[in-house]
Amino acid sequence: MKQIINDLIAQALLELEQASQIPSGLGYNIQVTPSKDPAQGDYASNIALMLAKPSGMPPRDLAQSIVDRLAAADSIERIEIAGPGFINFFVASGTSQSIVNRILEQADSFGRSTLGQGGRIQVEFVSANPTGPLHVGHGRGAAYGATLANLLQCIGYEVQREYYVNDAGRQMHILGTSTWLRYLELCGETIEFPSNGYQGDYVWDIAATLHRENGERFRRPAEQVYADVFEDAPAGDKEKHIDHLIANAHGLLGEDDYGIVFDLALNTLVDVIRNDLHAFGVDFDGWFSERSLSDEGLIETAITRLQDNGHVYEQSGALWFRSTEFGDEKDRVVRRENGQTTYFASDIAYHMNKFDRGFGKVINIWGADHHGYIARVKASLSALGYNADDLEIQLVQFANLFENGEKISMSTRSGEFVTLRQLREDVGQDAARFFYVMRKAEQHMDFDLDLAREQSSDNPVYYLQYANARICSVNRQCAEKGLEISNTGIDLSRLDNAHEQALIKHLSLFPERVEAAALRREPHLVVNYLRELANHFHSWYNAHQFIVDDVELRDARITLASAVGQVLRNGLNLMGVSAPEKM
RNA sequence: GCGCUCGUAGCUCAGUUGGAUAGAGUGUUGGCCUCCGAAGCCAAAGGUCGUGGGUUCGACUCCCGCCGAGCGCGCCA
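For reference, each letter of the first sequence is one residue, going 9 to 591 in this note's numbering.
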């Protein structure tokens, strides 16, 4: 419909140009938008306002000239000029109703499109360090990423969902050593647990597994463990303290045994994370190991490529990437003075690898605290000869958690956090998924845990599910009464009251809203759409009876209700939210 | 200090990329079940869109200054 109006206007403008009533070559962009107020028709265009100045005509006069040239169309009943010069289009009743049949024919695939043309696109999200279970702070990225991936798939992209596992680096060694220290405690050694170690209970669990499977094989006397170790905070330095403990763990266990402890901790936590995400309805196609980058020499390859392109220099013993040349605020070290490559070097290799895998577009979903990192990663891609615009970073702001009216801070290190699993058990899967995506990702969000728990029956998600349940209930009652709703020959023109017209119009907007949500990377647009749809439905439901004696009217109304249910389910499905038939 | 993301109703947030009278939910106040599910509907009240300028037919939207919030500025990951 929008396209039809668009074409009509384009044709009219062309004629005006040819008749020299407006100058040619204005380079306009015709906008046709659905109207909010039924008094302003079904669709409106502001074209006359936009062209008023360049064509030197008063907007209303120009609008009249355009309207005079508009070709007649069966689907358009009436055209009006209103306000400062808007052109309002009233769609003929009967034409819009056909959308109802289309929805029922296409069923689950209504809303899908081929816009993406099978282009390969990667969405990398969550990617939390495997140093502990996921907490509620990770939930937003998980829900956002999963929904965005669904949306992109829905409009025709081939999507790969990836989790980057940070299984290298100091944080993981702190975890491995923390596990070993807990294990020593289980063996009966007296350990003063480091203030900078991972203190969560899950570390005990891993230590217990280590003990069960290996007995006292890794036991070493506490004196040796603490030999020559710098004093812990507050009197000493907690960073030096833990680094020395890690070094001693290496020395006392030897590389092979240390590796066993380390890998057990790593693998256990990756499993925990994978299971938690799966239970949250979030599944990945790939789990990419950071360690594999160095194992396969990709980091060296990346650095060499940067060197060959002349973007690397040496200074005070370290190797630097000249990222300032590509807009970064300062140059960055890729290889330290001690010969070790940096985390950033791994990231360069990782992103090089992403594009070498053939993705046309790569989307990274990062927590807002990583924003300072964007410039350097993009710089590295440019330096390697890729188009940095093919990498898109979507930042997700943190959700501030409130409990008992107080903000709670979360720290994986201290073991103080609410896990994603706990949240799901508290408020339910549907409410949790819905809550996370109902707000724009860049918006700072306050998450009131008490409210989520106690008022879960007030959660907006139930508003949508309730609409669907009502529709299912009506269908059940028809079946009980032995009323058959025929599938063919239904006279949809009986759907002529204001509620029905508004509802039908709204149904027709679903595909374009899904498209907009995917292209703008804003899943919350789908939430808003569904809320509006449910609102239209509930209003209609309250104002009119569906199961009436007039068979034609009954058939028409129940058919419309079925279409609404279908769209609700399609939308909820994109967000990983269920649509129960009863609740 | 510099940078990123923000600031809209008492509270939590939308606002279709510059359009018509700034909208929902929640909370407050009224009304609606002898009728398909009241987890619903209808109505009222609630606003200097942080603030001061600028751009134009038109600004919550774009530009600049200021105020305020969160986050980031390592040879950590």
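From the three backbone atoms N, C-alpha and C, an ideal C-beta is built for every residue, glycine too.
Problem set entry | Three-state class that DSSP yields for GLU88 in the structure shown | Translated into positions along the first sequence, residue 88 becomes position 80. Correct three-state label for GLU88: strand.
Exercise. Among HIS507, SER324 and SER331, which has the Cα closest to the Cα of GLN315?
Worked result: The residue you call residue 315 lines up with position 307 of the first sequence. The candidate whose alpha carbon is nearest that of GLN315 is SER331.
For this session: Note down the Cα distance separating ASN109 from GLN19, rounded to an integer number of angstroms.
Result: For the purposes of this step, residue 109 is taken as the residue at position 101 of the first sequence. For the purposes of this step, residue 19 is taken as the residue at position 11 of the first sequence. Looking at the two C-alpha atoms, the distance is approximately 30 Å.
For this session: Could you tell me which of LEU142, ASP236 and ILE254 sits nearest to PHE288, measuring between CA atoms?
Result: Numbered from 1 along the first sequence, position 280 holds the residue referred to as residue 288. Measuring from the Cα of PHE288, the nearest candidate turns out to be LEU142.
Exercise. How big is the Cα-Cα spacing for GLN473 and SER586?
Worked result: Here residue 473 is taken as the residue at index 465 of the first sequence, counted from 1. Here residue 586 is taken as the residue at index 578 of the first sequence, counted from 1. Taking the straight line joining both Cα atoms gives about 8 Å.
For this session: For the segment 52-88, list the alpha helix (DSSP H) runs that are entirely contained and at least 4 residues long, ordered along the chain.
Result: 55-63 and 67-77, all fully within the segment 52-88.
For this session: Classify GLN323 as buried or exposed, calling it buried when 16 or more other Cβ atoms lie within 10 Å of its own Cβ.
Result: Your numbering for residue 323 matches position 315 in the first sequence. Answer is exposed; the Cβ neighbour count stays below 16.
Exercise. If you run the structure through DSSP and keep just helix, strand and coil, what is TYR172?
Worked result: Locating residue 172 in the first sequence gives position 164, counting from the first residue. Per DSSP, reduced to three states, the secondary structure at TYR172 is strand.
Problem set entry | Three-state secondary structure assigned by DSSP to ILE95 | Looking up residue 95 in the first sequence gives position 87. In the structure shown, ILE95 falls within a strand segment according to DSSP collapsed to helix, strand and coil.
Exercise. On the three-pair Cβ rule with 8 Å, is the segment 238-253 touching the segment 213-220?
Worked result: With a cut-off of 8 Å, the segment 213-220 and the segment 238-253 do not count as touching, because too few Cβ pairs lie within range.
Problem set entry | Neighbour-count burial assignment, HIS379, 16 or more Cβ in a 10 Å radius | Here residue 379 is taken as the residue at index 371 of the first sequence, counted from 1. By the neighbour-count rule (16 or more Cβ atoms within 10 Å), HIS379 is not buried but exposed.
Exercise. Among residues of its own chain, excluding the 5 on either side of ALA571, which ones have a beta-carbon nearer than 7 Å to its beta-carbon?
Worked result: Numbered from 1 along the first sequence, position 563 holds the residue referred to as residue 571. Counting only Cβ-Cβ distances below 7 Å, and skipping sequence neighbours, we find VAL108, ILE111, LEU112 and LEU515.
Problem set entry | Own chain partners of ILE416 with C-beta closer than 6 Å, once the 5 adjacent residues on each side are dropped | As a first step, residue 416 must be located in the first sequence, where it is residue number 408. These residues qualify, in order along the chain: LEU409.
Exercise. With PRO531 and LEU123 assumed to form a contact (beta carbons below 8 Å), what rounded beta-carbon distance in angstroms separates them?
Worked result: The residue given as residue 531 occupies position 523 in the first sequence. The residue given as residue 123 occupies position 115 in the first sequence. About 17 Å separates the beta carbons of PRO531 and LEU123, which is beyond the 8 Å limit, so they are not a contact pair.
Exercise. Does the beta-carbon distance from GLY140 to GLY208 come in below 9 Å?
Worked result: Translated into positions along the first sequence, residue 140 becomes position 132. Translated into positions along the first sequence, residue 208 becomes position 200. Against a cut-off of 9 Å, the Cβ pair of GLY208 and GLY140 comes out as a contact.
Problem set entry | DSSP three-state assignment for PRO42, whether helix, strand or coil | In the first sequence, counting from the first residue as 1, residue 42 sits at position 34. Of the three classes helix, strand and coil, the one that applies to PRO42 here is strand, per DSSP.
For this session: Quick one: residues in its chain with C-beta nearer than 6 Å to the C-beta of SER390, no 5 flanking neighbours on either side, listed in chain order?
Result: Taking the first residue of the first sequence as 1, we reach residue 390 at position 382. The beta carbon of SER390 lies closer than 6 Å to those of PHE334 and ALA396 in the same chain, with the five residues before and after it left out.
Exercise. If you draw a straight line from the alpha carbon of LEU517 to that of SER422, how long is it in whole angstroms?
Worked result: Translated into the one-based positions of the first sequence, residue 517 becomes position 509. Translated into the one-based positions of the first sequence, residue 422 becomes position 414. Looking at the two C-alpha atoms, the distance is approximately 48 Å.
Exercise. Looking at C-beta atoms only, is the number of pairs between the segment 167-175 and the segment 286-303 that lie closer than 8 Å three or more?
Worked result: The segment 167-175 vs the segment 286-303: in contact.
Exercise. Who are the near neighbours of ALA477 in its chain, counting only those whose CB is closer than 7 Å to its CB and skipping five residues on each side?
Worked result: Working through the first sequence from its first residue, we reach residue 477 at position 469. Closer than 7 Å at Cβ, skipping near neighbours: PRO588, GLU589, LYS590 and MET591.
For this session: Taking only the alpha-carbon atoms, compute the straight-line gap between ASP438 and ARG77 and give it to the nearest angstrom.
Result: The residue you call residue 438 lines up with position 430 of the first sequence. The residue you call residue 77 lines up with position 69 of the first sequence. ASP438 and ARG77 have their C-alpha atoms spaced approximately 52 Å apart.
Problem set entry | Own chain residues within Cβ distance below 6 Å of HIS452, not counting five before or after | What you label residue 452 is simply residue 444 of the first sequence in a count that begins at 1. Non-local C-beta neighbours of HIS452 in its own chain, meaning closer than 6 Å and more than five positions away in sequence, comprise GLN405, ordered along the chain.
For this session: Return helix, strand or coil for MET180, following the three-state DSSP convention.
Result: Against the first sequence, residue 180 aligns to sequence position 172. Helix.
For this session: Please list, in chain order, all residues of the same chain as GLY573 whose beta carbon is under 6 Å from its beta carbon, the five residues on each side excluded.
Result: Position 565 of the first sequence, counting from 1, holds the residue named residue 573. Taking GLY573 as the centre and dropping the five residues before and after it, the same chain places the C-beta of ASN476 and ILE479 closer than 6 Å to its C-beta, in chain order.
For this session: Look at the Cβ atom of SER117, then the Cβ atom of GLY164, and state whether they are nearer than 9 Å.
Result: The residue given as residue 117 occupies position 109 in the first sequence. The residue given as residue 164 occupies position 156 in the first sequence. No.
For this session: Could you name the residues of the same chain whose beta carbon sits closer than 6 Å to that of VAL592, not counting the 5 residues immediately before and after it, in chain order?
Result: Limits of the chain in this structure are 9 at one end and 591 at the other, which puts residue 592 out of reach.
Problem set entry | Those runs of the alpha helix (DSSP H) which lie wholly inside the segment 471-527 and span at least 4 residues | Residue ranges of uninterrupted alpha helix (DSSP H) with 4 or more members, entirely inside the segment 471-527 and ordered along the chain, are 506-516 and 518-527.
Problem set entry | Chain-order list of residues whose beta-carbon lies under 7 Å from that of GLU193 (same chain, five-residue window excluded) | Start at 1 with the first residue of the first sequence, and residue 193 comes out as number 185. Within the same chain, Cβ atoms closer than 7 Å to the Cβ of GLU193 are found at ILE199, the five residues on either side in sequence being excluded.
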